[in-house]
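In my numbering, the protein residues as written are -6 to 441.
C-beta atoms are modelled at their ideal positions from N, C-alpha and C, and glycine is treated no differently.
Working notes, beginning with the structure itself.
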Amino acid sequence: MSPDLDVVVVGAGPAGLSLAHRLAGTGLAVRVLEANDHVGGRMACFRHDGYTVDTGAEQVPTYGYEHTWRLLRELDVPLADVPTVRGMLAVWRDGRAHPGLAHPLGLLTGAGLSVRGRLDLLRLQARIARRARAFDPDRPEDTPLGMGTVADLAAHHHPDVGDFLLEPVVSGFFGWDPARSAAAPFVSLMRAAGPASTWRTYADGMDTLARRLAERVDVRTGVPVDEVVAGTDSALVHTGEGTLTARAAVLCVPAPVAARLYANAPADEREFLSASTFTPMLKVSCLLDRPLSPPSARPVYALLVPARERGRDGVLSGIIVDHVKNPARVPPGRGLLTLLAAPSAMPDLLTAPDDEVVRAMTADAEPFVPGLAAATVANFVHRFPHGLPEATPAALRSRRGFLARASRPVDYAGDWIMARPSSEGAIRAAATTAARVTHLCATRKEPV
Ligand SMILES: Cc1cc2nc3c(=O)[nH]c(=O)nc-3n(C[C@H](O)[C@H](O)[C@H](O)COP(=O)(O)OP(=O)(O)OC[C@H]3O[C@@H](n4cnc5c(N)ncnc54)[C@H](O)[C@@H]3O)c2cc1C
-6 MSPDLDVVVV
4 GAGPAGLSLA
14 HRLAGTGLAV
24 RVLEANDHVG
34 GRMACFRHDG
44 YTVDTGAEQV
54 PTYGYEHTWR
64 LLRELDVPLA
74 DVPTVRGMLA
84 VWRDGRAHPG
94 LAHPLGLLTG
104 AGLSVRGRLD
114 LLRLQARIAR
124 RARAFDPDRP
134 EDTPLGMGTV
144 ADLAAHHHPD
154 VGDFLLEPVV
164 SGFFGWDPAR
174 SAAAPFVSLM
184 RAAGPASTWR
194 TYADGMDTLA
204 RRLAERVDVR
214 TGVPVDEVVA
224 GTDSALVHTG
234 EGTLTARAAV
244 LCVPAPVAAR
254 LYANAPADER
264 EFLSASTFTP
274 MLKVSCLLDR
284 PLSPPSARPV
294 YALLVPARER
304 GRDGVLSGII
314 VDHVKNPARV
324 PPGRGLLTLL
334 AAPSAMPDLL
344 TAPDDEVVRA
354 MTADAEPFVP
364 GLAAATVANF
374 VHRFPHGLPE
384 ATPAALRSRR
394 GFLARASRPV
404 DYAGDWIMAR
414 PSSEGAIRAA
424 ATTAARVTHL
434 CATRKEPV
């Protein structure tokens, strides 16, 4: 009996949608099943009273995102629809914001680093530049940094480099614990992404790419997949609405979700699946009646709060100033801030009621943005139990074996396969998986 479809894709995030687009382009019959009532996954948006709220991902660098930009060109998304982020990245130190992080200007102004810290950072950058080709984000296990963690890297440098650069960036943007995550994926990603002044964001919200892809592929939202089972030359996909058969099923969900849905994964896949842990992320959106920002000598679009500055009970690791990032995110004269939760606060916050989360996070943010409580018209909490791939040394060690596995009826795509905490990692992984699945389907005779 011929299967219902060539390929069932589980998950309508950047990986699932770009994979479906690639596969459908080769003439395969593809369907995407998405548990949520909307597409985008961790790169989604919602609209409320004229505000455009990025619930997960925030920005797309101009550089180092080759697969993303290729896809955007294919979809005829003009560069003008992905404008450069306005304002600077800043770090909080000694009672004020220091703009210029990840910016050439930062080496002059300090961006929160002392002179000795800056000199040490320059030495580190020169060392990385000398071996630039070895920092390939596609091969994070092969860099000169080996399996060392972010904390190991920091330990070899002036304390400022760890305390006011590495820790705030990896904790704020990825929810990483510097002692657990490998330094190589981070250094490779930042080197490829270039200065923060070249980073961009979608004018119409971070779900732009997902919405454009979803217009071109068969996506069913509100259909959670319960289980995926591999047969000899087909896959079964069980949902509450029934079972679909396909030549291949591709799990485009975070690794811990994939491991749960596909309980009989072969042994040579299980090691990397279980090593591919995720950090949780939590954000609180503050919709404001005026465009409040952290006071700073230059406009900032993101302020990172280092662990050293937040104290033992602090719950805030950063603030995104969305109306500076892109003024079209808010109605004229209004403001929008996104508060990022600190990794240390995550276990409690993830399960706390929304009003408690909002109270704790906004109370911590008030000193950085005086007047925040008075200007807030609404708050929304966004929780991601699987926020970003943790990219631990264990994940890097087992990645090569996973990549070498044979093509099978159940496959995977997602940022975790690249050990890269970014949407480019998801889209890059989908391109590789598309080639594997196309080959697998071509070796089967009967068309659907
Ligand atoms: C807070 C935060 C900030 C980020 N910032 C950035 C950034 O600035 N720039 C950047 O490039 N990246 C950023 N990222 C990372 C980026 O969002 C992810 O790398 C990307 O979304 C991963 O895509 P994916 O398709 O692999 O997974 P996801 O986006 O997680 O998509 C998986 C999809 O599968 C669905 N799903 C799960 N279980 C099931 C099931 N049982 N049945 C059916 N569907 C299911 C989910 O609902 C989801 O839609 C950020 C992530 C977070 C959480």
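Cβ neighbours of residue i in the same chain (closer than 6 Å, five flanking residues each side left out)
| i | result |
| --- | --- |
| PRO217 | ALA28 |
| ALA321 | ALA196 |
| PHE395 | PHE265 |
| GLY105 | VAL84, ARG86, HIS91, PHE157 |
| ILE410 | ALA422 |
| ALA384 | SER174, ALA175, PRO178, ALA412 |
| PRO346 | none |
| PHE39 | VAL46 |
| THR102 | GLY93 |
| SER391 | GLU264, PHE265, ALA268 |
| ALA73 | none |
Cβ-Cβ separation, residue j to residue i (assumed contact under 8 Å), whole Å
| i | j | result |
| --- | --- | --- |
| ALA127 | PRO386 | So it is not a contact: roughly 17 Å between Cβ atoms. |
| PRO402 | ALA242 | 7 Å |
| VAL362 | LEU329 | At roughly 12 Å, the Cβ-Cβ gap does not stay under 8 Å, so VAL362 and LEU329 are not in contact. |
| VAL53 | VAL75 | 6 Å |
| VAL298 | PRO161 | 7 Å |
| LEU12 | VAL2 | 6 Å |
| VAL293 | VAL374 | The pair is not a contact, with the Cβ atoms about 23 Å apart (cut-off 8 Å). |
| LEU98 | LEU82 | Rounded, the Cβ-Cβ distance is 11 Å, inconsistent with contact. |
| LEU281 | THR369 | 6 Å |
| SER181 | PRO133 | 6 Å |
| ARG79 | LYS318 | 7 Å |
| LEU332 | CYS279 | 7 Å |
| PRO7 | GLY34 | 7 Å |
| ALA260 | ALA388 | Rounded, the Cβ-Cβ distance is 17 Å, inconsistent with contact. |
| ARG327 | ARG283 | 7 Å |
Spatial neighbours of residue i in its chain, beta-carbon cut-off 7 Å, leaving aside the 5 residues before and after
| i | result |
| --- | --- |
| LEU10 | VAL25, VAL32, ALA203, LEU206, ALA207, VAL210 |
| MET376 | The sequence shown places Arg at residue 376, rather than the Met named in the question. Once the five neighbours on either side are set aside, the close Cβ partners of ARG376 are LEU275, LEU343. |
| VAL441 | Residue placement at VAL441 is poorly supported in this model, since its pLDDT is 49, which falls under 50; the coordinates are not used for a value here. |
| TYR255 | VAL221, LEU244, VAL403 |
| LEU381 | PHE167, GLY168, PHE271, THR272, MET274, PRO414 |
| ALA366 | THR355, GLU359 |
| VAL212 | ALA5, VAL25, GLU27, VAL32 |
| ASP306 | none |
| VAL351 | VAL277, ASN372, VAL374 |
| HIS14 | LEU206, ARG209, VAL210 |
Range covered by the alpha helix (DSSP H) that runs through residue i
| i | result |
| --- | --- |
| MET183 | 176 to 186 |
| GLY407 | Per DSSP, GLY407 belongs to no alpha helix (DSSP H) and is neither H nor E. |
| PRO62 | Note that residue 62 is Trp in the sequence shown here, rather than Pro. Segment 59 to 67, the alpha helix (DSSP H) holding TRP62. |
| ASP129 | No alpha helix (DSSP H) contains ASP129, which DSSP labels as neither H nor E. |
| HIS14 | 7 to 18 |
| ALA22 | No alpha helix (DSSP H) holds ALA22; DSSP gives it neither H nor E. |
| ASP113 | 108 to 123 |
| ALA148 | 143 to 148 |
| HIS31 | First-last for HIS31: undefined, no H or E at that position. |
| ALA424 | 416 to 435 |
| GLU467 | Shown here, the chain extends from -6 to 441; a query on residue 467 therefore has no answer. |
| SER391 | 386 to 396 |
Residue span of the beta strand (DSSP E) that contains residue i, given as start and end
| i | result |
| --- | --- |
| SER278 | 271 to 281 |
| ALA90 | 89 to 92 |
| LEU(-2) | -2 to 3 |
| ARG79 | First-last for ARG79: undefined, no H or E at that position. |
| LYS46 | Residue 46 is actually Val in this sequence, not Lys. Here the beta strand (DSSP E) through VAL46 covers 44 to 47. |
| PHE39 | 38 to 41 |
Neighbourhood of residue i by C-beta, 8 Å cutoff - its chain only, sequence neighbours within 5 removed
| i | result |
| --- | --- |
| VAL154 | LEU106, GLY110, ASP113, LEU114, LEU117, ALA147 |
| ALA228 | VAL1, VAL221, VAL222, THR238, ALA239, ARG240, ALA241, ALA242, PRO402, VAL403 |
| ASP131 | MET411, ARG421 |
| ALA172 | THR142, VAL143, ALA144 |
Curious, which full-length alpha helix (DSSP H) runs of at least 4 residues does the segment 188 to 261 contain? 201 to 207, 248 to 254
Which residue spans inside the segment 328 to 384 form an unbroken beta strand (DSSP E) run of at least 3? 328 to 334, 369 to 382
For the pair the segment 160 to 177 and the segment 131 to 144, tell me if three or more CB-CB distances fall below 8 Å. yes
Between the segment 303 to 318 and the segment 277 to 289, can you find at least three pairs of beta-carbon atoms closer than 8 Å? Below 8 Å, enough C-beta pairs join the segment 277 to 289 and the segment 303 to 318 to call them touching: three or more.
With three or more beta-carbon pairs closer than 8 Å as the criterion, would you say the segment 107 to 123 touches the segment 54 to 70? no
If we count Cβ pairs, one from each stretch, closer than 8 Å, do we get three or more for the segment 165 to 172 versus the segment 422 to 438? no
At 3 residues or longer, what runs of the beta strand (DSSP E) sit wholly inside the segment 277 to 329? 293 to 297, 309 to 314
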